[in-house]
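Chemist:
Protein chains: 2
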Amino acid sequence: MKAVSLYEANDFDDKAMKRLLVHDSPYMKILNFNFKAGQVLPVHSHDIDGEVCLTIVQGKGTFLGADDTGRPVKAGDVLITAIRDPHGLKATTDLRLLVTIAPPI
Amino acid sequence: MKAVSLYEANDFDDKAMKRLLVHDSPYMKILNFNFKAGQVLPVHSHDIDGEVCLTIVQGKGTFLGADDTGRPVKAGDVLITAIRDPHGLKATTDLRLLVTIAPPI
């Protein structure tokens, strides 16, 4: 069993989103991205099968999709999207994001 | 894209842990279990390949494994275990748990 405390294992960086690899196995890849308010994970996609689950652990932000509309998100929100569909995130406040990818890429 | 707010989509039940199916696909199964303080997900396992990720969304509790020792867990903790290894959880406070299983079972 592996245990990671997101609040202890990763912090914030004024320059850019701060990335932590939480877990990587044949079954799933788990990442934690910490955003200072205003920082952005640009919209991107990969032309492969599989899904990404975005869990907002702390803070508020905007989910960015194929269009520019954006969807407000907050702590406790869980978003699931195909890896091949455009996805990104912009933080409104300092924000901790957990990303689960299956199958792992 | 699917979006679920755990704080709006599921609440608590004085009688037993309250379960919400968040997502089920060929890639992953995502569940949310809400525990009132003292409620327990008994230790269990399945004799199949794959992993379970437990994310503590809110509250404090104890992760239960093969032995009786228990490991304190709190909001922001992420635990990954093989599906075939014994795992369970007891809530110390009211607790929201997100469970991701890949491949889905």
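Respectively, the protein sequence lines represent chains A and B. Using my numbering, read the first sequence as starting at 1 and increasing by one per residue. Using my numbering, read the second sequence as starting at 1001 and increasing by one per residue. Ideal placement from N, C-alpha and C gives every residue a C-beta, glycine not left out.
Whole angstroms are fine: how far does the CA of A/Leu20 sit from the CA of B/Thr1069?
Modeler: C-alpha separation (whole angstroms): 29 Å.
Chemist: Going by DSSP, what residue range makes up the alpha helix (DSSP H) through A/Ala66?
Modeler: Counting along the chain, A/Ala66 falls outside any alpha helix (DSSP H), and DSSP gives it neither H nor E.
Chemist: For A/Val73 and B/Gly1076, which I take to be in contact (beta-carbon distance under 8 Å), what is that distance rounded to the nearest angstrom?
Modeler: That belief does not hold up - the Cβ atoms of A/Val73 and B/Gly1076 are roughly 17 Å apart, past 8 Å.
Chemist: Counting only the same chain and skipping the five closest in sequence on each side, list residues whose C-beta sits under 8 Å from that of A/Asp14.
Modeler: The answer, listed in chain order, is Lys36.
Chemist: Enumerate in chain order the residues of its own chain whose CB-to-CB distance from B/Val1040 is below 6 Å, with the five nearest sequence positions on each side excluded.
Modeler: For B/Val1040, where only same-chain residues beyond five positions count, the Cβ hits under 6 Å are Lys1090.
Chemist: Rounded to a whole number of angstroms, what is the C-alpha to C-alpha distance between A/Ala3 and A/Lys29?
Modeler: Their backbone Cα atoms lie some 14 Å apart in a straight line.
Chemist: Going along the region 1020-1053 of chain B in order, which residues come within less than 7 Å of chain A, judged by CB to CB distance?
Modeler: Taking 7 Å as the Cβ-Cβ cut-off against chain A, the residues of the region 1020-1053 of chain B that qualify are Val1022, His1023, Ser1025, Tyr1027, Met1028, Ile1030, Gly1050, Glu1051 and Cys1053.
Chemist: Terminal residues of the continuous alpha helix (DSSP H) containing A/Ala9?
Modeler: Looking at the DSSP string, the run of the alpha helix (DSSP H) that includes A/Ala9 is Leu6 to Ala9.
Chemist: Hey, which unbroken runs of the beta strand (DSSP E) at 3 residues or more fall wholly within the region 16-40 of chain A?
Modeler: You should have 18-24 and 29-35.
Chemist: Report, in whole angstroms, the separation of the C-beta atoms of A/Val52 and A/Ile83, which I expect to be a contact under 8 Å.
Modeler: Indeed they touch by this definition, with Cβ atoms about 6 Å apart.
Chemist: Am I right that A/Asp67 and B/Met1001 are in contact with their C-beta atoms under 8 Å? What's the rounded C-beta distance?
Modeler: Not quite, the Cβ-Cβ distance comes to about 11 Å (not below 8 Å), so this is no contact.
Chemist: For A/Val99, which residues in chain B fall below 8 Å Cβ to Cβ?
Modeler: Per Cβ cutoff of 8 Å: no residues; A/Val99 is ~11 Å from chain B at best.
Chemist: Quick check on this structure: which residue in B/Pro1104, B/Pro1103, B/His1046 and B/Ile1105 has the alpha carbon closest to the alpha carbon of B/Gly1088?
Modeler: It is B/His1046 whose Cα lies nearest to the Cα of B/Gly1088.
Chemist: Kindly say whether A/Thr62, judged by its beta-carbon, lies nearer than 8 Å to any beta-carbon of chain B.
Modeler: Chain B contact via Cβ: absent.
Chemist: Can you tell which of A/Ile48, A/Val78 and A/Val22 has its C-alpha closest to the C-alpha of A/Lys60?
Modeler: It is A/Val78.
Chemist: Starting from B/Ala1091, trace the beta strand (DSSP E) both ways and give me its first and last residue.
Modeler: B/Ala1091 -> beta strand (DSSP E) spans His1087 to Ala1091.
Chemist: Express the C-alpha separation of B/Thr1100 and A/Asn10 in angstroms, rounding to a whole number.
Modeler: Straight-line Cα distance between these residues: approximately 21 Å.
Chemist: For the beta strand (DSSP E) holding B/Arg1096, just list the boundary residues, first then last.
Modeler: From DSSP, the beta strand (DSSP E) with B/Arg1096 extends over Leu1095 to Ala1102.
Chemist: Can you pull the chain A neighbours of B/Lys1018, defined as C-beta to C-beta under 8 Å?
Modeler: Here the premise fails: no neighbours, minimum Cβ distance about 15 Å.
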